[in-house]
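**Student:** Just so we're aligned, residue 0 is where the sequence shown starts under numbering that gives the first Met the number 0, counting upward by one.
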Amino acid sequence: MNKELAKVEIERISQEINKHNDLYYIENSSEISDYDFDMLLEQLNALEQQFPEFAYSYSPTKRVGGDISKKMESVVHRFPMMSLSNTYSEDEIIEWENRLKKLSEGKLDYVCELKYDGVAIGIQYENGILKQAITRGDGSKGENVTANVRTIRTIPLQLKGDFPADFEIRGEIFFPLKNFRDLNEQRADIGEAEFANPRNTASGTLKLHDSKVVAERGLDCYLYGLYGFDLPLEGHYESVLKASEWGFKTPNPEKRMIYKADSIDGIMKFIHFWDKNRSKLPFEIDGIVIKVNDYTQQQELGFTAKSPRWAIAYKFKAERVETVLESVSYQVGRTGAVTPVANLKPVQLGGTTVKRASLHNSDQIQKLNLHLNDTVQVEKGGEIIPKIVGVNLDKRNENSVIVTFIDECPECSTKLIRREGEVQHYCPNELNCPPQIKGRIEHFIGRKAMNIDGLGAETVDLLVEKGFIKSYVDLYSLTFDQIVNLDRMADKSADNLIKGLEASKNIPFERVLFSLGIRFVGETVAKKLAKSLKSIDAIQKASFDELVNVDEIGEKIAISVQQFFLEEKNNEIINRFKEVGLQFEIKEKEGVTDRFKGLSFVVSGVFTKFSRDELKEIIEMNGGKNASSISSKTNFVIAGENMGPAKLKKATDLGVVILSEDEFIVKLKD
Ligand code: IVH
Numbered sequence: 000m001n002k003e004l005a006k007v008e009i010e011r012i013s014q015e016i017n018k019h020n021d022l023y024y025i026e027n028s029s030e031i032s033d034y035d036f037d038m039l040l041e042q043l044n045a046l047e048q049q050f051p052e053f054a055y056s057y058s059p060t061k062r063v064g065g066d067i068s069k070k071m072e073s074v075v076h077r078f079p080m081m082s083l084s085n086t087y088s089e090d091e092i093i094e095w096e097n098r099l100k101k102l103s104e105g106k107l108d109y110v111c112e113l114k115y116d117g118v119a120i121g122i123q124y125e126n127g128i129l130k131q132a133i134t135r136g137d138g139s140k141g142e143n144v145t146a147n148v149r150t151i152r153t154i155p156l157q158l159k160g161d162f163p164a165d166f167e168i169r170g171e172i173f174f175p176l177k178n179f180r181d182l183n184e185q186r187a188d189i190g191e192a193e194f195a196n197p198r199n200t201a202s203g204t205l206k207l208h209d210s211k212v213v214a215e216r217g218l219d220c221y222l223y224g225l226y227g228f229d230l231p232l233e234g235h236y237e238s239v240l241k242a243s244e245w246g247f248k249t250p251n252p253e254k255r256m257i258y259k260a261d262s263i264d265g266i267m268k269f270i271h272f273w274d275k276n277r278s279k280l281p282f283e284i285d286g287i288v289i290k291v292n293d294y295t296q297q298q299e300l301g302f303t304a305k306s307p308r309w310a311i312a313y314k315f316k317a318e319r320v321e322t323v324l325e326s327v328s329y330q331v332g333r334t335g336a337v338t339p340v341a342n343l344k345p346v347q348l349g350g351t352t353v354k355r356a357s358l359h360n361s362d363q364i365q366k367l368n369l370h371l372n373d374t375v376q377v378e379k380g381g382e383i384i385p386k387i388v389g390v391n392l393d394k395r396n397e398n399s400v401i402v403t404f405i406d407e408c409p410e411c412s413t414k415l416i417r418r419e420g421e422v423q424h425y426c427p428n429e430l431n432c433p434p435q436i437k438g439r440i441e442h443f444i445g446r447k448a449m450n451i452d453g454l455g456a457e458t459v460d461l462l463v464e465k466g467f468i469k470s471y472v473d474l475y476s477l478t479f480d481q482i483v484n485l486d487r488m489a490d491k492s493a494d495n496l497i498k499g500l501e502a503s504k505n506i507p508f509e510r511v512l513f514s515l516g517i518r519f520v521g522e523t524v525a526k527k528l529a530k531s532l533k534s535i536d537a538i539q540k541a542s543f544d545e546l547v548n549v550d551e552i553g554e555k556i557a558i559s560v561q562q563f564f565l566e567e568k569n570n571e572i573i574n575r576f577k578e579v580g581l582q583f584e585i586k587e588k589e590g591v592t593d594r595f596k597g598l599s600f601v602v603s604g605v606f607t608k609f610s611r612d613e614l615k616e617i618i619e620m621n622g623g624k625n626a627s628s629i630s631s632k633t634n635f636v637i638a639g640e641n642m643g644p645a646k647l648k649k650a651t652d653l654g655v656v657i658l659s660e661d662e663f664i665v666k667l668k669d
C-alpha cells in the first residue's frame with residue numbers, strides 16, 4: 000500500500016472504530032460483534048506500525064494503553080482549577096440563592112447537577128484533538144496524565160461537529176461501582192489486598208505509570224464545565240448539552256441527571272430526588288452542585304479567593320449511623336488471608352439492616368484504637384459490606400478491653416504470619432486448614448474456572464466435612480454412592496455432578512491453570528503463562544528469568560509460581576490430575592474447524608456453561624460469523640435465558656433456527 004492510500008485507510012478505519020466506540024460506551028448499544036471490532040483495531044494497528052508517521056495521538060489504538068510514563072510532569076493550568084463552597088444545610092442553599100438574587104440584575108436560572116465522587120480532570124482540545132489532560136493538583140498546577148486519560152473510552156480523542164478551535168473541558172473521572180467491585184473480587188481471588196473505596200482507587204489508577212493497567216480498570220468520566228475564550232453558547236446548561244454533540248459523555252436530562260431550575264423550589268426538588276435515589280446510580284455521588292446558568296451573570300458574580308460565587312455544592316450527609324461493636328471475628332479465605340470482621344448491634348443504614356462491618360486488617364483495628372463495646376460510626380461506601388469510620392470516645396466504657404488481633408488461625412490454630420511489606424495476616428497451613436481447603440475447591444469449580452455443573456459451596460462443605468475430599472483433585476475420585484447419600488442430593492443431581500466432572504476434562508489448559516488457585520495467578524496471568532509457555536511441565540521447569548520474561552508477569556507472580564511447584568504435594572496433585580485427563584497443555588489451533596463456514600450467528604441472553612464471549616469465540620474458531628442483530632442473513636440464534644421476546648419473535652418470523660446452549664454444544668460435535 001502506498002503512503003497516500005495508507006493515510007486515507009487509517010482515517011477511514013479510525014472513524015469507523017470511533018463510531019462503534021461511541022455507540023458502545025456512550026449510547027449502550029452496538030452494531031458489530033466484539034470480534035469484528037477487534038479486527039478493525041488490529042487492521043489499524045498494523046497500518047500504524049507500517050506507517051508510523053500516521054500513528055496519530057488521537058488514534059483509537061491509544062485506548063488500550065501501553066505508553067509508560069516514568070514521572071508525571073507538573074503543568075500549570077491555563078484557567079485555575081478552583082473548588083466549590085460546600086454546605087450540608089438546605090437553609091444555607093436558600094440563603095445562597097437569596098444573596099445571589101440581591102447581587103444580580105435580571106432573573107436567574109440555575110443548573111442542578113450531580114456531584115460526582117471522583118477526581119477532577121481538565122482536558123484541553125486543539126482543533127478537535129485531545130492534547131493534554133491535567134489533574135487538579137493544587138489548583139494552579141496539576142499532573143499531566145494524558146496517556147492514562149486517553150484510555151478512558153468515554154473521553155473522545157477526536158471531536159465531532161462544530162466544536163471551538165481551542166478550549167478546555169472539565170469533569171470528574173470516577174470508578175463505576177461494578178468495575179470497582181469486580182476489581183476487588185479479582186484481587187481477593189488471587190490473594191491481593193482489596194482497595195478501600197472507588198474514589199481513592201480512581202485517583203490512584205489515574206496516576207499509574209502503566210497506561211495499559213489503567214485501560215483494563217475501566218474508569219469513566221462525566222464532563223461538567225467548559226472553559227475558553229470563544230465558547231459558542233451563552234449558558235452552562237446549553238453548553239453541557241452541546242458538548243454531548245461533540246462526543247462527550249454528559250448528564251442526561253431525561254434521567255434527571257441535569258436540570259434547569261428557575262427557582263429554589265426546583266433546586267430543592269432535585270436535591271430531595273437524588274438524596275432518595277442516589278443509591279440506584281451505578282457510581283457514587285456525594286452531593287448536588289448548583290450553578291447559575293448564564294455565563295454573563297456568572298462573570299458578574301465572580302469569585303471569592305477559593306471558589307466561584309455563582310456555584311455551590313450541597314453535600315449529602317454520609318449515610319452514617321452509630322452502633323455498638325459487640326465482637327470481632329476472623330474469616331480465613333482461600334489464600335489463607337485472615338480478615339477481621341466487626342459484629343455489630345443490628346442497625347438500619349441506607350435501607351438495610353447492618354450487622355457486620357469490614358475491618359480490613361490489623362492496621363485498621365490499630366488505627367481506630369478499637370475497644371470491645373465501643374460505640375462506632377458505620378458508613379456505607381462503594382463496598383457491599385459497610386465500614387467503621389470512627390469511634391465515639393465519649394461513649395467508651397472506662398474498663399473496656401482493647402481489640403487485639405489474633406495470633407493463631409481461628410480455624411486450625413496454626414500460628415499466623417505477616418510477610419514483610421504486606422498488611423494482611425495469613426494462615427500458612429495451606430493444606431490442612433478447612434476454609435483454605437474449601438475455598439480452593441470452590442475456586443476450582445467456579446464459573447470462570449472449571450465451571451463444574453451440579454456442585455455448589457454447600458455440597459463442597461458437606462464433602463469436606465464427611466472426609467470424602469481433602470483437595471480439589473479428590474473430586475474426580477468421588478463415587479455416585481458417596482454423592483447421592485449426601486443431604487438433599489437426588490439421583491439426578493448426583494448424576495449431573497458426575498457428568499459435570501467428566502465434561503470439565505475438556506476445559507482448556509489456561510482455565511485449568513487458573514483453577515489451580517496459585518497465588519497472584521488470576522485469569523489474565525493464567526492466559527499469558529499458558530500462551531507463552533504452553534504446558535504445565537514448561538511452567539514447572541521455568542526459571543525465574545523465563546517467568547518474568549512473559550508479558551505482564553512480574554517478580555511477585557514469578558516467585559509465587561515457583562513456590563507452588565516447590566511444594567511436593569502440589570506436584571502430586573498435578574500428576575493425579577494428569578491421570579484423570581485434565582488439559583495440561585495448549586493445543587495449538589485447538590478446536591479450529593470450518594464447520595460453521597459461511598454461517599452467521601447471533602448470540603443473545605445469559606448462558607450457564609459458557610459466557611457470551613466464549614460462545615462467540617467458539618463460533619469464530621469454527622469459521623462462523625457473529626452478528627449483533629437478527630436479520631434475514633442470520634442462520635442461527637443461540638438463545639440463553641433472558642433473551643428479549645422481541646428478538647425471539649423476529650427470529651421466528653424470519654425462520655431463523657433457534658438453538659439452546661446445549662443444542663449448540665451438540666452441533667459442535669456434529
Ligand atoms: S463544578 C469552580 N460540577 O467537586 C469549580 N464540580 O470542589 C467548578 N465535582 O473536585 C467545579 N461534580 O471535581 C463541578 N457537577 C460538578 C461536579 C464537580 C463533582 C467536583 C470537582 C471538584 C469538587 C468541587
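All C-beta atoms, glycine included, are put in the ideal place defined by N, C-alpha and C.
1) Using alpha carbons as the reference points, say which of D90, L113, W309, N178 lies closest to L102.
2) Whether or not the region 69-76 and the region 136-143 are in contact is what I'm after, with contact meaning three or more pairs of Cβ atoms, one per stretch, closer than 8 angstroms; do they touch?
3) In this structure, how does DSSP classify R169 when only helix, strand and coil are distinguished?
4) Among the candidates P433, P644, E429, A645, whose CA atom is the shortest distance from the CA of E567?
5) Please identify the residue among T352, V327, A336 whose C-alpha is closest to the C-alpha of N342.
6) Would you kindly report the start and end of the unbroken alpha helix (DSSP H) that includes N97?
7) Mind listing, in chain order, the continuous alpha helix (DSSP H) runs of no fewer than 4 residues lying wholly within the region 5-34?
8) Just to check, is the beta-carbon of D137 closer than 8 angstroms to a non-hydrogen atom of ligand 1?
9) Mind checking whether the beta-carbon of D261 lies closer than 8 angstroms to any heavy atom of ligand 1?
10) Could you name the residues of the same chain whose beta carbon sits closer than 6 angstroms to that of Q347, not counting the 5 residues immediately before and after it, in chain order?
11) Going residue by residue through the region 334-390, where are the continuous alpha helix (DSSP H) segments of at least 4 residues, counting only ones entirely within it?
12) Is DSSP giving A312 helix, strand or coil here?
13) Starting from the Cα of V560, find the closest Cα among I189, D33, D181 and give me that residue.
14) May I ask you to list the residues that DSSP assigns as paired with R319?
15) For K504, collect the residues of the same chain with a Cβ closer than 8 angstroms to its Cβ; drop the 5 residues on either side in sequence, then sort them by chain order.
16) Taking C-alpha atoms, which residue in L222, R152, G160 lies nearest to I168?
17) Is any non-hydrogen atom of ligand 1 found closer than 8 angstroms to the C-beta of M81, if you look at the structure I gave you?
18) Round the Cβ separation of I618 and F600 to the nearest angstrom and send it over; I've been treating them as touching at under 8 angstroms.
19) Are at least three pairs of beta-carbons, each pair with one atom in the region 453-461 and one in the region 487-500, less than 8 angstroms apart?
20) Counting only runs of 4+ residues fully inside the region 209-267, write out the alpha helix (DSSP H) ranges in chain order.
21) Among the candidates M620, D612, T153, A45, whose CA atom is the shortest distance from the CA of G170?
22) Tell me K624's beta-bridge partners as DSSP assigns them.
23) Are the beta-carbon atoms of L83 and S399 separated by less than 9 angstroms?
24) Tell me the rounded alpha-carbon separation between S278 and S531.
25) Please confirm whether any heavy atom of ligand 1 lies closer than 8 angstroms to the CB of K114.
26) Any heavy atom of ligand 1 closer than 8 angstroms to the CB of Y34?
27) What distance in whole Å lies between the Cβ atoms of F315 and D274, which are believed to be in contact at a cut-off of 8 angstroms?
28) Mind checking which residues open and close the beta strand (DSSP E) that includes K114?
29) Measure how close the beta-carbons of Y87 and I289 come, nearest whole angstrom, since I'm counting them as under 8 angstroms.
30) Less than 8 angstroms between the CB of K206 and some heavy atom of ligand 1, yes or no?
31) Got a sec? Which residues, its chain only, sit under 7 angstroms from D33 by beta carbon, not counting five neighbours each side?
32) Quick check: is any heavy atom of ligand 3 less than 8 angstroms from the C-beta of V483?
33) Would the C-beta of E142 count as close to ligand 1, meaning under 8 angstroms from any of its heavy atoms?
34) On a CA-only basis, which of D261, I284, Y23 is nearest V291? Give me that one, please.
35) Answer yes if the region 466-478 comes into contact with the region 536-553, meaning at least three C-beta pairs across the two stretches below 8 angstroms, and no otherwise.
36) Could you give the distance in angstroms between the alpha-carbon of P507 and the alpha-carbon of L415?
**Tutor:** To lay it out plainly:
1) Translated into the one-based positions of the sequence shown, residue 102 becomes position 103. The shortest C-alpha separation from L102 is found at W309.
2) Verdict: yes, contact present.
3) Translated into the one-based positions of the sequence shown, residue 169 becomes position 170. Of the three classes helix, strand and coil, the one that applies to R169 here is strand, per DSSP.
4) For the purposes of this step, residue 567 is identified with residue 568 of the sequence shown, where counting begins at 1. Ranking P433, P644, E429, A645 by Cα distance to E567 puts E429 first.
5) On the sequence shown, residue 342 is found 343 positions in, with the first residue counted as 1. Measuring from the Cα of N342, the nearest candidate turns out to be V327.
6) The residue labelled residue 97 in the question sits at position 98 within the sequence shown. Looking at the DSSP string, the run of the alpha helix (DSSP H) that includes N97 is 89-102.
7) Qualifying alpha helix (DSSP H) stretches: none in this window.
8) Locating residue 137 in the sequence shown gives position 138, where the first residue counts as 1. Because no heavy atom of ligand 1 lies under 8 angstroms away, the Cβ of D137 does not count as near it: no.
9) For the purposes of this step, residue 261 is identified with residue 262 of the sequence shown, where counting begins at 1. Checking the Cβ of D261 against ligand 1 gives no.
10) The residue labelled residue 347 in the question sits at position 348 within the sequence shown. No residues qualify anywhere along the chain.
11) 361-367
12) Working through the sequence shown from its first residue, we reach residue 312 at position 313. Residue state, collapsed to three classes: strand.
13) Residue numbering aside, residue 560 sits at position 561 when the sequence shown is read from its first letter. Of the listed residues, the one whose Cα sits closest to V560 is I189.
14) For the purposes of this step, residue 319 is taken as residue 320 along the sequence shown, with counting starting at 1. Paired residue(s): E378.
15) On the sequence shown, position 505 is the one that residue 504 refers to. The answer, listed in chain order, is V579, G580, L581, Q582.
16) Position 169 of the sequence shown, counted from the start, is the residue given in the question as residue 168. Nearest option by C-alpha distance: L222.
17) In the sequence shown, the residue the question calls residue 81 occupies position 82. Yes, the Cβ of M81 comes within 8 angstroms of a heavy atom of ligand 1.
18) Sequence index remark: in the sequence shown, residue 618 carries index 619 (1-based). Sequence index remark: in the sequence shown, residue 600 carries index 601 (1-based). Between F600 and I618 the Cβ distance is about 5 angstroms, and since that is below 8 angstroms, they are a contact.
19) yes
20) 210-216, 235-245
21) Against the sequence shown, residue 170 aligns to sequence position 171. For the residues M620, D612, T153, A45, the minimum Cα distance to G170 belongs to T153.
22) The count along the sequence shown starts at 1 and reaches residue 624 at position 625. Assignment of beta-bridge partners to K624 by DSSP yields S599.
23) Here residue 83 refers to the residue found at position 84 of the sequence shown. Here residue 399 refers to the residue found at position 400 of the sequence shown. Going by C-beta atoms, L83 is not nearer than 9 angstroms to S399.
24) Numbered from its first residue, the sequence shown carries residue 278 at position 279. Numbered from its first residue, the sequence shown carries residue 531 at position 532. Their Cα atoms are separated by approximately 44 angstroms.
25) Translated into the one-based positions of the sequence shown, residue 114 becomes position 115. Yes, ligand 1 has a heavy atom inside 8 angstroms of this Cβ.
26) Counting from 1 along the sequence shown, the entry for residue 34 is found at position 35. For Y34, the CB stays at least 8 angstroms from every heavy atom of ligand 1.
27) Residue numbering aside, residue 274 sits at position 275 when the sequence shown is read from its first letter. Residue numbering aside, residue 315 sits at position 316 when the sequence shown is read from its first letter. The Cβ separation is near 6 angstroms, so the contact holds.
28) Here residue 114 refers to the residue found at position 115 when the sequence shown is read from its first residue. Its beta strand (DSSP E) spans residues 109-115.
29) On the sequence shown, residue 87 is found 88 positions in, with the first residue counted as 1. On the sequence shown, residue 289 is found 290 positions in, with the first residue counted as 1. Not quite, the Cβ-Cβ distance comes to about 14 angstroms (not below 8 angstroms), so this is no contact.
30) The residue given as residue 206 occupies position 207 in the sequence shown. Checking the Cβ of K206 against ligand 1 gives no.
31) Walking along the sequence shown from the start, residue 33 turns up at place 34. Only D612, K615 meet the Cβ criterion.
32) Absent from the structure shown: ligand 3. Ligands present: ligand 1.
33) The residue labelled residue 142 in the question sits at position 143 within the sequence shown. Incorrect: E142 has no Cβ contact closer than 8 angstroms to ligand 1.
34) Position 292 of the sequence shown, counted from the start, is the residue given in the question as residue 291. Per the Cα distances, D261.
35) no
36) By 1-based counting over the sequence shown, the position of residue 507 is 508. By 1-based counting over the sequence shown, the position of residue 415 is 416. For P507 and L415, the distance between alpha carbons rounds to 36 angstroms.
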